[in-house]
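Student:
Residue numbers (the UniProt record's numbering): 1 to 108.
This is the structure in structure tokens:
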């Protein structure tokens with residue numbers, strides 16, 4: 001059974017079953033979500049490999065996009081190590097005349 005719906009609606013998952021279920025829900029809007037998931041799982045189990053293939057392709061495409069985004073986001077960035085200077089909190093400290101800590105105070 002091939003379910004035809006708008007493939008662009010919603011976020012594409014790396015799980016082929018979730019891609020199928022997202023489309024199956026569009027066709028079964030009047031039912032409770034618990035019933036839709038139960039029926040969708042039964043339909044998914046009865047589907048052939050050829051019928052599942054479009055959903056698997058969507059999942060593979062989502063995996064490739066995820067890897068590309070991770071690679072682009074980590075490119076050119078240094079690892080962030082916390083130095084002792086960054087760990088000191090100056091929110092409750094008053095700085096002295098030469099930049100040192102002069103006294104503690106609490107803000108209310």
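Here a beta-carbon is modelled for each residue, glycine too, at the ideal position from N, C-alpha and C.
I need the DSSP call for residue 40, collapsed to helix, strand or coil.
Tutor: Indexing the chain shown from 1 puts residue 40 at position 40. In this structure, residue 40 counts as helix in the three-state DSSP scheme.
Student: Is the segment 54-72 in contact with the segment 10-24, if contact means three or more CB pairs nearer than 8 Å?
Tutor: Touching, yes, given that three or more Cβ pairs across the two stretches are closer than 8 Å.
Student: Can you say whether residue 50 is buried or exposed, counting buried as having 16 or more other CB atoms within 10 angstroms of its CB?
Tutor: Taking the chain shown and counting its residues from 1, the one referred to as residue 50 is at position 50. It is exposed - the Cβ of residue 50 has fewer than 16 other Cβ atoms within 10 Å.
Student: Looking at residue 43 and residue 25, is the spacing between their C-beta atoms short of 7 Å?
Tutor: By 1-based counting over the chain shown, the position of residue 25 is 25. By 1-based counting over the chain shown, the position of residue 43 is 43. For residue 25 and residue 43, no; Cβs fall outside 7 Å.
Student: What's the call for residue 10, buried or exposed, on a 16-neighbour Cβ count within 10 Å?
Tutor: One-based indexing of the chain shown puts residue 10 at position 10. Residue 10 is exposed by the Cβ-count criterion.
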